[in-house]
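> Heads up: take any position in the first sequence, counting from 1, add 8, and you land on the numbering used here.
Every residue gets a Cβ at the ideal spot worked out from N, C-alpha and C, and that includes glycine.
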Amino acid sequence: MSANAKTAISPTRSEDYAEWYQQVIKAADLAETSPVRGCMVIKPWGYAIWERIQAELDRRFKETGHVNAYFPLFIPMSFLQKEADHVDGFAKECAVVTHSRLEAGPDGKLVPAGPLEEPLIVRPTSETIIGELFARWVQSYRDLPLLINQWANVVRWEMRTRLFLRTAEFLWQEGHTAHATAAEAMEETRKMLGVYADFADKYMAMPVVVGEKTAGERFPGAVNTFSIEAMMQDRRALQAGTSHFLGQNFSRSSNIKFLSSEGVEELAWTTSWGVSTRLVGGLIMTHSDDDGLVLPPTLAPSQVVILPVTPKEETRDAVLAACDQLAAELRQQTFGGEPLRVQVDKRDLRGGEKTWGWIKKGVPIRIEIGPRDLEKDAVCFCRRDRGAKDKQFTDRSSFVAAVSKELESIQACLHARALAFRDSNSVEVGSEEEFKAFFAQPADAGIHGGFAYAGFCCDPELEDQIAKAYKVTVRNIPLATADETPTCIFTGKPGRRVVFAKAY
RNA sequence: CGGGGCAUAGCGCAGCCUGGUAGCGCGCUUCGUUCGGGACGAAGAGGUCGCAGGUUCAAAUCCUGUUGCCCCGACCA
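(1) Quick one: what's E442 bridged to in DSSP?
(2) Of all the options E182, F79, S108, which has the alpha carbon lying nearest to the alpha carbon of D66?
(3) To the nearest whole angstrom, what separates the beta carbons of I137 and P80, a pair I think is in contact under 8 Å?
(4) Tell me, which residues are paired with S417 by DSSP?
(5) Just how far apart, CA to CA, sit Q31 and L179?
(6) Would you mind working out which of T133, S86, C466, G503 sits nearest V283, comparing C-alpha positions?
(7) Short check: CB of L315 to CB of R374, under 9 Å?
(8) Just the Cα atoms here: how many angstroms apart are L254 and E225?
(9) Can you tell which of H295, S22, G360, I497 has the C-alpha that lies nearest to the C-alpha of A208?
(10) How far does the beta strand (DSSP E) with M239 in it reach, from first residue to last?
(11) Taking just the CA atoms, how far does G300 sit from D325?
(12) Which word fits A420, buried or exposed, when buried means at least 16 other C-beta atoms lie within 10 angstroms of its C-beta?
(13) D398: which of Q333, A424, T363 sits nearest, CA to CA?
(14) To which residues of the same chain is P123 closer than 7 Å at the C-beta, ignoring the five residues directly before and after it?
(15) May I have a chain-ordered list of the alpha helix (DSSP H) segments no shorter than 4 residues that lie completely inside the region 121-173?
(16) Going by C-alpha distance, which of V327, V312, E23 is nearest P319?
(17) Tell me the residue span of the beta strand (DSSP E) that contains Y461.
(18) Here's the rule I'm using: 16 or more other beta-carbon atoms within 10 Å means buried, otherwise exposed. How should R144 be labelled?
(19) Helix or strand or just coil, what does DSSP make of A208?
(20) My output table needs one value for H187: the three-state DSSP class, helix, strand or coil.
(21) Within its chain, find whatever has a CB closer than 6 Å to the CB of C388; leave out the 5 residues flanking it on each side and keep chain order.
(22) Near K51, what residues of its chain come up, given a Cβ to Cβ distance below 8 Å and the 5 sequence neighbours on each side ignored?
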């Protein structure tokens with residue numbers, strides 16, 4: 009980065025959005041591509057964010073009665089085959105294990121040997137293998153509901169990858185539940201969708217549109233799929249989480265049966281729901297600016313970083329001691345019910361370099377403490393959601409007393425900003441002409457469109473044509489207006505109120 | 001899987017057309033001067049030029065093959 013650049017990230021969002029995204033990840037040291045095609049390496053700062061996401065979601069899953077378990081990475085090929093739609097959906101992108109060992113070939117190079125009787129696939133998702141186990145575990149209605157979650161990696165052999173948003177291997181959680189009745193399974197599906205929506209909104213400060221997917225966008229094998237959709241700063245939609253009502257499809261294929269209280273053998277009703285490391289991508293594209301990553305305080309691995317300013321050797325020790333003491337005091341404060349995460353950066357680096365490093369990493373509050381502050385018992389601090397030059401001075405004790413409020417304010421500002429952005433790029437569309445005009449705006453550095461709400465008849469063939477013609481898809485049928493029955497802007501038939509957007 | 005591009009120091013690139021001692025910027029190390037801020041100077045470390053063959057007295061450079069990456073399409077919970 010050149011010293012006279014106006015922004016820490018180059019290019020800026022408006023110059024080249026896709027490249028800006030890559031550069032933010034690089035500048036914040038979140039992740040990088042690996043020697044393995046399509047796979048990413050998540051670096052400590054990026055992984056710490058994922059750990060924050062995990063911790064909070066795990067807490068919410070436990071709160072709603074779920075327990076964690078772990079199922080095999082490998083799935084016998086025959087399992088995938090049991091559910092017809094499921095095969096169609098995933099067969100094209102499966103990594104397949106066919107051998108059990110390596111041997112030296114004639115030229116001394118290793119070759120696979122010991123062919124397996126039945127090839128194994130690396131899980132692209134675990135419905136089939138978990139279904140097999142559920143069938144063992146469930147005999148009676150007393151065994152239900154079965155509420156299981158798994159934190160795991162999955163592999164989907166993608167053609168084109170982007171860090172966090174689409175990689176061949178990614179980390180996620182997949183909840184899998186079995187219930188005695190359809191109503192209960194549907195309630196579970198909706199409940200977990202709600203957990204995701206609330207988490208995204210409150211914890212990630214990322215507003216989402218909660219709704220049901222159309223038939224064309226449904227999870228392979230599901231009866232209904234629901235999603236949360238967030239608007240990124242290029243106005244495209246990111247599917248940030250999904251929750252599926254699987255009906256009895258997987259119970260039938262995996263034979264998950266139970267004896268009801270009336271002594272009748274019935275198939276269980278199952279659900280599955282997941283979010284992945286894609287959320288980190290969503291986080292980046294929701295809040296970050298042309299100076300790099302911007303983290304909401306809830307998710308920031310460090311919420312406050314203290315930068316000692318030590319211009320003279322004589323005052324150095326006193327400054328460092330004051331920084332440590334301030335850090336200790338700040339750690340007594342809480343945010344979101346947890347002690348503040350505070351770090352003192354004593355690295356022997358030049359001030360500007362250090363400051364910009366933390367700006368690019370997105371730490372919510374930076375504090376600078378120097379000898380002059382010591383004399384005045386003051387602190388100088390900057391909020392990441394404001395400009396890099398926006399310094400505030402206050403006396404030390406009132407800063408400590410107000411720091412939690414300050415973090416809350418940052419969280420609220422980020423959310424408000426994201427919501428305002430989404431709303432200002434969302435329109436109601438009443439006709440096909442308006443639809444065309446909205447999405448036909450000339451692409452400017454990859455930024456165009458937005459969310460278009462419209463009546464749509466949900467005919468899968470028409471949806472497909474629209475996708476081909478405009479590269480726009482129905483993101484979902486928002487639950488908030490699910491009872492409305494507007495006429496379709498394309499056909500005039502009765503339809504649903506849907507949100508259209510270009511999608512990741 | 002189709003079309004195009006690229007592969008040379010940790011990162012970004014030049015050199016290739018016209019074969020002849022492997023270079024530049026950033027970063028890194030040391031020293032010095034600076035420093036309430038993305039500094040300056042000096043001295044250093046670091047590369048079998050993606051890989052495998054071929055042509056040649058001589059290959060980063062020419063030829064053939066191969067692998068990987070990027071972009072555009074197609075595909076995509």
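For this structure:
(1) Position 434 of the first sequence, counted from the first residue, corresponds to residue 442. According to DSSP, E442 bridges with nothing at all.
(2) As a working mapping, residue 66 is identified with position 58 in the first sequence. Residue E182 is the option with its Cα nearest to D66.
(3) As a first step, residue 137 must be located in the first sequence, where it is residue number 129. As a first step, residue 80 must be located in the first sequence, where it is residue number 72. Yes, I137 and P80 are in contact; Cβ-Cβ is about 6 Å, under 8 Å.
(4) The count along the first sequence starts at 1 and reaches residue 417 at position 409. DSSP, once it has assigned bridges, lists no residue as partnering S417.
(5) For the purposes of this step, residue 31 is taken as the residue at position 23 of the first sequence. For the purposes of this step, residue 179 is taken as the residue at position 171 of the first sequence. For Q31 and L179, the distance between alpha carbons rounds to 22 Å.
(6) By one-based count along the first sequence, residue 283 stands at place 275. Residue T133 is the option with its Cα nearest to V283.
(7) Here the question's residue 315 lines up with position 307 in the first sequence. Here the question's residue 374 lines up with position 366 in the first sequence. Yes. Within cutoff.
(8) Here residue 254 refers to the residue found at position 246 of the first sequence. Here residue 225 refers to the residue found at position 217 of the first sequence. About 14 Å.
(9) Counting from one through the first sequence, the residue named residue 208 turns up at place 200. The alpha carbon of A208 has as its nearest neighbour, out of H295, S22, G360, I497, the alpha carbon of H295.
(10) If you number the first sequence from 1, residue 239 lands on position 231. Run containing M239: 232-239, per the beta strand (DSSP E) assignment.
(11) For the purposes of this step, residue 325 is identified with residue 317 of the first sequence, where counting begins at 1. For the purposes of this step, residue 300 is identified with residue 292 of the first sequence, where counting begins at 1. Their backbone Cα atoms lie some 32 Å apart in a straight line.
(12) For this step, residue 420 is matched to residue 412 along the first sequence. With a 10 Å radius around the Cβ and a threshold of 16 neighbouring Cβ atoms, A420 comes out exposed.
(13) Counted from its first residue, the first sequence places residue 398 at position 390. When only C-alpha atoms are compared, the closest one is T363.
(14) For the purposes of this step, residue 123 is taken as the residue at position 115 of the first sequence. Answer for P123: T106, H107, listed in chain order.
(15) For secondary structure counted as the alpha helix (DSSP H) over 4 or more consecutive residues, the region 121-173 holds these complete runs in sequence order: 135-145.
(16) In the first sequence, counting from the first residue as 1, residue 319 sits at position 311. Distances from the alpha-carbon of P319 to those of V327, V312, E23 put V327 closest.
(17) Locating residue 461 in the first sequence gives position 453, where the first residue counts as 1. Taken as a continuous stretch (DSSP letters only), the beta strand (DSSP E) holding Y461 covers 459-464.
(18) Counting from 1 along the first sequence, the entry for residue 144 is found at position 136. Flag for R144 reads exposed.
(19) In the first sequence, the residue the question calls residue 208 occupies position 200. Assigned with DSSP and collapsed to three states, A208 falls in helix.
(20) Walking along the first sequence from the start, residue 187 turns up at place 179. H187: strand per DSSP, three-state reduction.
(21) Walking along the first sequence from the start, residue 388 turns up at place 380. Around C388, the same chain offers E376, K399, F401 as residues with beta carbons nearer than 6 Å, after the five sequence neighbours per side are excluded.
(22) Here residue 51 is taken as the residue at index 43 of the first sequence, counted from 1. If we look at K51 and ignore the five residues flanking it on each side, its Cβ neighbours are D37, L38, A39, E40.
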